[in-house]
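Okay, so here's the structure we're looking at.
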Amino acid sequence: MSLFKRDKGKSEEREAKDFFEEHKRMKQLRDNPHLLQPQPVQQPQPQPAQPPLQPAQPQPARPQVQPAQPQVQPAQPQARPQPAAPQPAPQPRPAAQPPLQQPAQPQITPMEALIEALKLLGLDVGPVESLKTYARELEAREKEVAARIEELQRLLEAIRKARQILRQLGV
Numbered sequence: 409m410s411l412f413k414r415d416k417g418k419s420e421e422r423e424a425k426d427f428f429e430e431h432k433r434m435k436q437l438r439d440n441p442h443l444l445q446p447q448p449v450q451q452p453q454p455q456p457a458q459p460p461l462q463p464a465q466p467q468p469a470r471p472q473v474q475p476a477q478p479q480v481q482p483a484q485p486q487a488r489p490q491p492a493a494p495q496p497a498p499q500p501r502p503a504a505q506p507p508l509q510q511p512a513q514p515q516i517t518p519m520e521a522l523i524e525a526l527k528l529l530g531l532d533v534g535p536v537e538s539l540k541t542y543a544r545e546l547e548a549r550e551k552e553v554a555a556r557i558e559e560l561q562r563l564l565e566a567i568r569k570a571r572q573i574l575r576q577l578g579v
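In the numbering used here, the protein residues as written are 409 to 579.
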């Protein structure tokens, strides 16, 4: 009952490997939603809030450290024009924030997202749905095996206790 035949070639093996790597990555993203949020680079834009702090810091820093002045001064002229730029930038920031909130709002599993994407592309979702079936079957089998293992562990423990008691009795 294999989806991938061995004689089909390395390209299909690679496709299967890519699929499972993507599935693993999506599972990690599902389990760790905070990984989705750091990706946008627009969050460092709140740095223009620092220029009000910078004018307060350079005043005491200028008399104290002279070698730092050439390094700090080029940063300050760049930082001073930035406060003018952040005023138009707050308008894009609210636009950047809703996409961060949008992934958290829809509660769709990665598998459902994959199926929807494949349907939109007009591709056959049968293999993906069969993978879902395999996953359910494997989960059920895993539960059965885990229950059997627990049962065997209890039996093994009882056997060991009985043998120990027999040894103590000298049998």
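Glycine included, C-beta positions come from ideal geometry on N, C-alpha and C. Fair warning: this is a prediction, and the values are worked out from it, not measured in the lab.
Candidates Ile-573, Val-579, Thr-517 and Pro-535: closest to Gln-436 by CA position: When only C-alpha atoms are compared, the closest one is Thr-517.
In chain order, what residues of the same chain have a beta carbon less than 6 Å from the beta carbon of Ile-567, not counting five sequence neighbours either side? none
Can you give me the Cβ contacts of Glu-565 inside the same chain, cut-off strictly under 6 Å, excluding the 5 residues immediately before and after it? If we look at Glu-565 and ignore the five residues flanking it on each side, it has no Cβ neighbours.
C-alpha gap between Leu-529 and Glu-430, whole angstroms: 18 Å
Distance between Lys-569 and Val-536 (C-alpha atoms, nearest Å): Roughly 49 Å separates the two Cα atoms.
Contact defined as beta carbons within less than 8 Å: I believe Val-533 pairs with Leu-539. What is the distance between those atoms, to the nearest angstrom? Actually they are not in contact, since the Cβ atoms of Val-533 and Leu-539 sit about 10 Å apart, beyond 8 Å.
Where Glu-420 and Asp-426 are concerned, what is the direct C-alpha to C-alpha distance, given to the nearest angstrom? Distance from the CA atom of Glu-420 to the CA atom of Asp-426, rounded to whole angstroms, is 10 Å.
Close beta carbons around Met-434, own chain, < 6 Å, minus the five adjacent residues each side: Pro-518
Buried or exposed, going by whether 16 or more other CB atoms sit within 10 Å of the CB of Leu-546? Burial check for Leu-546: the Cβ neighbour count within 10 Å stays below 16, so the residue is exposed.
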